[in-house]
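Its first residue numbered 28, the sequence shown is counted upward by one per residue in my numbering.
We put the beta carbon where it would ideally sit given N, CA and C, even for glycine.
Comments concern the structure below.
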Amino acid sequence: MKRADIVLRRCRQVLTCQGVAPKRGGDLANVGLQENVSLAIGEGKIIYLGPDEDLFATVATGSATEILEAENLIVLPGFIDSHTHLPFAGSREEEFALRLQGYTYQELAARGLGIQTTVKATREIPEDKLLELCLARCDSMLLHGTTTAEAKSGYGLNLADEIKQLEVIRQANQIHPLDILPTYLGAHEVPPEYKGNKKAYLNFMINKVLPVIKEKNLARFVDVFCEEGVYDLEETRFIIRAAKKMGLAPRIHADEFSPLGGARLAVEEEALSADHLLAIDDQGIALLAQSSTVATFLPVVSLFLMQEKKAPARELIQAGAVVAIASDFNPGSSMTENMLLVIQLAVLLLKMKIEEAINAATINAAFSLGISQACGSLEVGKKADLILCDIPNYLHLVYHLGVNPIYHVIKNGRWVVRERKLVYLRPSNF
């Protein structure tokens with residue numbers, strides 16, 4: 028009999044989001060709802076989930092076991108944010124104000140704003156200061172229910188500063204309770220020093236940067252901004268194949284502004300995810316539906332950039348594609364680390380069902396990162412990453428806008444947020 032460290036008794040609702048394989052089609056709307064059940068945690072994992080009357084016959088408790096009466100709480104898996112640009116410096120509110128005046132994302136980039144603004148700021152900031160920024164953002168993520176996040180480089184665009192970003196991601200992962208999975212995104216833009224000579228920059232990434240990343244084991248994934256005026260299909264394929272040889276799993280910024288065929292390429296190259304997809308064509312939808320590549324929607328971007336076009340979520344879901352949602356947290360097109368806002372916008376802008384959006388932010392997001400066997404759902408044997416909300420029922424996650432319902436957060440079986448306050452201990456030198 029396993030000993031419990033934490034017991035949550037008689038939870039009003041538990042959304043288990045159960046399943047290792049990704050949820051598709053009609054199953055995406057099944058959140059595995061259980062009511063008035065108890066949950067026990069031991070050694071960082073879920074060791075019991077079921078009727079309260081069977082709890083104490085199944086798990087052992089002792090003086091060190093904390094028992095919480097949870098009859099007024101809604102429990103669900105911690106959110107998994109599978110697309111962020113976490114380690115950046117500076118902000119771009121002036122650019123945001125210009126966009127409110129009618130300038131497009133592409134027009135601003137042509138004026139030297141956009142990604143290059145953040146590249147300059149990120150190159151200039153010392154590593155320790157960038158780490159401080161990241162840790163503060165991770166705290167905010169945790170307070171809003173995110174327990175695992177992917178994080179991309181891509182604001183260095185040279186050897187020293189791409190490595191700096193990835194080193195900061197590694198340090199943040201070691202220091203902070205959040206699990207942070209690193210992605211190399213050197214192909215986010217062409218840096219100014221290589222303007223007009225993209226081929227040289229491609230060779231630089233492959234011959235100079237990727238070998239260092241491999242040697243230092245700094246990234247799990249590679250990503251490319253596959254878009255007109257940035258990296259075309261063959262350039263994207265070139266980078267991905269080189270990175271795959273070095274053990275990095277591909278992800279792609281695909282078909283955001285133009286139907287270039289990024290989704291098709293993602294399927295052909297067996298990418299874990301194809302993200303954005305506002306301009307995906309019918310062939311891309313059909314190919315994603317027949318594959319295990321995850322279609323990841325970033326609905327905050329549509330709001331932030333005031334785009335009329337939205338990702339065709341309903342079409343992809345009905346076709347049978349695996350779908351996830353993520354924040355795309357970055358200073359230019361989605362300045363939020365709040366996954367609950369992502370869920371709300373997936374429902375209100377993309378017409379996803381509430382249950383679909385919750386699964387897309389948990390078990391399917393975990394699948395897109397290759398970690399769904401360990402987290403993303405509440406099941407015996409999985410990591411105890413869960414959030415507790417003080418709301419009447421789970422529909423209030425979307426119904427009640429503009430407030431944070433996250434009351435407690437448990438990460439790896441330990442309290443990290445209690446009554447909306449951070450309670451984890453950070454090393455004394457941070």
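(1) Could you tell me if the beta carbon of Glu216 falls within a distance shorter than 8 Å of some heavy atom in the ligand ADP?
(2) When DSSP labels each residue in this structure, what does His423 get in the three-state scheme?
(3) Assign Gln61 to buried or exposed, taking buried as 16 or more other Cβ atoms, counted over all protein chains shown, within 10 Å of its Cβ.
(4) Going by beta-carbon coordinates alone, are Arg349 and Ser319 separated by less than 9 Å?
(5) Note down the Cα distance separating Gly440 from Glu255, rounded to an integer number of angstroms.
(6) Below 8 Å on the Cβ atoms is my guess for Gly311 versus Cys253; work out the distance and round it to an integer in Å.
(7) So for Asp355, helix, strand or coil by DSSP?
(8) One question on the structure: do Ala97 and Leu452 come within less than 9 Å of each other, judged by their Cβ atoms?
(9) Can you say whether Gly139 is buried or exposed, counting buried as having 16 or more other CB atoms within 10 angstroms of its CB?
(10) Going by other Cβ atoms of all chains shown within 10 Å of its Cβ, with 16 needed for buried, is Asn391 buried or exposed?
(11) Leaving out the 5 sequence neighbours to the left and right, which residues in its chain are closer than 6 Å to Asp308 when beta-carbon positions are compared?
(12) Could you check whether Ile101 and Ile33 sit closer than 9 Å to each other, using their CB atoms as the reference points?
(13) List the DSSP bridge partners of Gly461.
(14) Which word fits Ala84, buried or exposed, when buried means at least 16 other C-beta atoms lie within 10 angstroms of its C-beta?
(15) If you compare alpha carbons, which of Lys72, Leu66, Arg126 and Ile68 is closest to Met333?
(16) Helix, strand or coil for Ser318? Go by DSSP, reduced to three states.
(17) With distance defined between alpha-carbon atoms, name the residue in Ala214, Leu158 and Glu159 nearest to Gly183.
(18) Going by Cα to Cα distance, which pick from Ala87, Ile202 and Phe231 is closest to Ala162?
(19) Cβ of Asn57 within 9 Å of Cβ of Asn386?
(20) Starting from the C-beta of Glu194, find all residues in its chain whose C-beta is less than 6 Å away, skip the five residues before and the five after it, and write them out in chain order.
(21) Assign Asn431 to buried or exposed, taking buried as 16 or more other Cβ atoms, counted over all protein chains shown, within 10 Å of its Cβ.
(22) Indicate whether the contact test is met: 3 or more Cβ pairs, each with one atom in the region 207–222 and one in the region 168–187, closer than 8 Å.
(23) Go ahead and label Ala48 buried or exposed: buried means 16 or more other beta carbons lie within 10 angstroms of its beta carbon, across all protein chains shown.
(24) If you count every other CB in all the chains shown that lies within 10 Å of the CB of Leu529, and 16 or more means buried, which is it?
(25) In the DSSP output, which residue or residues are listed as bridge partners for His280?
(26) How far does the beta strand (DSSP E) with Cys38 in it reach, from first residue to last?
(27) Evaluate contact between the region 119–138 and the region 371–388, counting only Cβ atoms and requiring at least three cross-stretch pairs below 8 Å.
(28) Within the chosen definition, does the region 290–309 reach the region 262–277 through at least 3 CB pairs nearer than 8 Å?
(29) DSSP three-state label for Thr85, please.
(30) I'd like the span of the alpha helix (DSSP H) that includes Arg126, first residue to last.
(31) If we ignore side chains and look at the alpha-carbon of each, how far apart do Asp188 and Lys179 end up?
(32) Tell me which same chain residues have a C-beta within less than 6 Å of the C-beta of Tyr228, skipping the five on either side of it?
(33) Helix, strand or coil: which one does DSSP assign to Ile433?
(34) With H, G and I counted as helix, E and B as strand and the rest as coil, what does DSSP make of Ile266?
(35) Look at the alpha carbon of Ala346 and the alpha carbon of Thr263, and state the distance between them as a whole number of angstroms.
(36) Between which two residues does the beta strand (DSSP E) holding Pro104 run?
This is what the structure holds:
(1) For the ligand ADP, the structure offers nothing, since it holds no ligand at all.
(2) His423 sits in a helix when the DSSP states are folded into three classes.
(3) Around the CB of Gln61, 16 or more other CB atoms lie within 10 Å, so the residue is classed as buried.
(4) Arg is not the amino acid found at residue 349; the sequence shown has Val there. Contact flag set, yes.
(5) Taken atom to atom, the span from the alpha-carbon of Gly440 to that of Glu255 is near 45 Å.
(6) Between Gly311 and Cys253 the beta-carbon gap is near 12 Å, outside 8 Å, which marks them as no contact.
(7) Looking at Asp355 - three-state DSSP - the assignment turns out to be coil, as it is neither helix nor strand.
(8) No.
(9) Result: exposed.
(10) Asn391 comes out buried.
(11) Once the five neighbours on either side are set aside, the close Cβ partners of Asp308 are Pro286.
(12) Not a contact, by the Cβ cut-off of 9 Å.
(13) Lying before the first or after the last residue shown, residue 461 is absent from the chain, which here runs from 28 to 457.
(14) Counting Cβ neighbours within 10 Å, Ala84 comes out exposed, since fewer than 16 surround it.
(15) Of the candidates Lys72, Leu66, Arg126 and Ile68, the residue whose Cα lies closest to the Cα of Met333 is Arg126.
(16) DSSP, reduced to helix, strand and coil, places Ser318 outside both helices and strands of the structure shown, so it counts as coil.
(17) The option with the nearest alpha carbon to Gly183 is Ala214.
(18) In the sequence as displayed, the identity of residue 162 is Leu instead of Ala. Comparing Cα positions, the closest option is Ile202.
(19) Yes, these two residues count as a Cβ contact at 9 Å.
(20) Once the five neighbours on either side are set aside, Glu194 has no close Cβ partner at all.
(21) So Asn431 counts as exposed.
(22) Verdict: yes, contact present.
(23) Exposed: under 16 other Cβ atoms inside 10 Å.
(24) Look at the range of the chain in this structure, 28 to 457, and you will see that residue 529 is not part of it.
(25) DSSP lists Phe252 and Asp302 as partners of His280.
(26) First-last of the beta strand (DSSP E) with Cys38: Ile33 to Leu42.
(27) Between the region 119–138 and the region 371–388 there are fewer than three inter-stretch CB-CB distances shorter than 8 Å, so the stretches are not counted as touching.
(28) With the cut-off at 8 Å, the region 290–309 and the region 262–277 touch.
(29) Reduced to three states, the DSSP call for Thr85 is helix.
(30) It spans Glu120 to Leu127 - the alpha helix (DSSP H) in which Arg126 sits, taken as one unbroken run.
(31) Each residue's alpha carbon lies about 13 Å from the other.
(32) If you ignore the 5 residues before and after Tyr228, its C-beta comes within less than 6 Å of the C-beta of Val217 and Tyr221, all in its own chain and listed in chain order.
(33) In the structure shown, Ile433 sits in a strand (DSSP, three-state: E or B).
(34) DSSP places Ile266 in helix when its eight states are reduced to three.
(35) Roughly 26 Å between the two C-alpha positions.
(36) Residues Ile101 to Pro104.
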